[in-house]
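Take a look at the structure below.
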Amino acid sequence: MKQRYFASTFFLLTSMKKKCFTEEKDKNASNVLKDDVSGKTVLSVSKTVSRKWDEENIDVYENEKKWLQKLKDTDIIARPINFDDENRIITTEYAGESVNKDNLPEDWEEQRDRILKTLADYDCRHNDIKPNELVIQDGKIRLVDFGWAYNRKKSNPDNWPERLGSEFKCGDRFDDECSFNKSIKHILKKQEKKEE
Ligand SMILES: Nc1ncnc2c1ncn2[C@@H]1O[C@H](COP(=O)(O)OP(=O)(O)OP(=O)(O)O)[C@@H](O)[C@H]1O
Ligand SMILES: [Mg+2]
């Protein structure tokens with residue numbers, strides 16, 4: 022799906038220069054390029070959700086919006102900035118690059134457990150955890166793409182795509198923990214192959 026990274030070189034350069042001389046206000050937020058009396062500039066990602074996978078019982082845009090709104094005050098997702106209902110565009114704060122072997126933090130298992138615990142607290146099953154949906158910034162892993170999330174205590178509707186979860190699905194089960202672990206295994210293996 023199309024995304025646009027809204028950051029101009031100008032903003033990047035001014036922010037990098039600024040970082041050399043001043044303390045960052047929020048050390049955990051390198052996506053905040055500038056925050057002062059004249060305004061706040063944040064790196065963001067905009068995702069346009071097509072209708073291709075919508076059915077009578079699923080509107081993928083509305084579903085992602087619903088879960089992002091529920092989870093908006095947690096620190097396990099890319100924080101939502103704007104929902105453009107007419108054009109089905111979801112804008113979230115930039116939350117870093119996909120997890121890879123080089124940036125995988127030592128405490129990834131702890132972070133995984135916290136992410137899974139938070140999902141459980143909100144009765145949410147992501148359903149589609151794959152390597153690309155694990156992003157990392159400043160050593161913090163976040164989960165993106167909640168288009169197919171569902172209530173954790175319920176089974177997914179029968180007519181949802183069979184390919185959901187792809188190779189990271191564990192047998193017939195939708196199990197976020199298992200998919201998370203499979204994704205990390207895959208990330209580590211992929212890098213090993215590259216090095217051979
Ligand atoms: N807020 C964000 N910060 C950083 N990267 C992001 C963010 N949102 C999305 N991405 C990256 O963009 C990719 C595509 O976004 P997303 O998964 O939401 O789209 P999608 O169309 O549902 O993708 P797919 O169908 O392939 O799963 C993600 O896998 C992730 O790597
Ligand atoms: Mg995705």
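Numbering (the numbering used here), first residue to last: 22 to 217. Here a beta-carbon is modelled for each residue, glycine too, at the ideal position from N, C-alpha and C. Quick caveat, the model's predicted, so the values are computed rather than measured.
- A contact is defined here as three or more CB-CB pairs under 8 Å, and the segment 131 to 141 fails this definition with respect to the segment 49 to 56.
- In its chain, beyond the 5 residues on either side, Val70, Arg109 have a beta carbon closer than 6 Å to the beta carbon of tyrosine 82.
- Residue environment: leucine 64 is assigned as buried (16 or more neighbouring CB atoms within 10 Å of its CB, all protein chains considered).
- In this structure, the CA atom of aspartate 197 is about 12 Å from the CA atom of proline 152.
- Cβ atoms of isoleucine 97 and arginine 163 come within 8 Å of each other, at about 6 Å.
- When C-beta atoms of the segment 154 to 174 are compared with those of the segment 72 to 86, three or more pairs fall below 8 Å, so the two segments count as touching.
- DSSP places asparagine 124 outside both helix and strand once states are collapsed to three, so it counts as coil.
- Closest in C-alpha terms to asparagine 172, from the list Ile102, Asp144, Val58, comes Asp144.
- Glutamate 154 has its CB nearer than 6 Å to a heavy atom of ligand 1.
- The segment 61 to 93 is shown to contain whole beta strand (DSSP E) runs of 3 or more residues at 65 to 69, in chain order.
- Non-local beta-carbon contacts of arginine 100 in its own chain, meaning distances under 7 Å to residues more than five positions away in sequence, involve Lys93, Thr113, Glu114 in chain order.
- Taking C-beta separations shorter than 6 Å and ignoring five residues to either side along the sequence, the partners of proline 178 in its chain run Asn78, following chain order.
- Between ligand 2 and aspartate 166, a heavy atom-to-CB distance of less than 6 Å is present.
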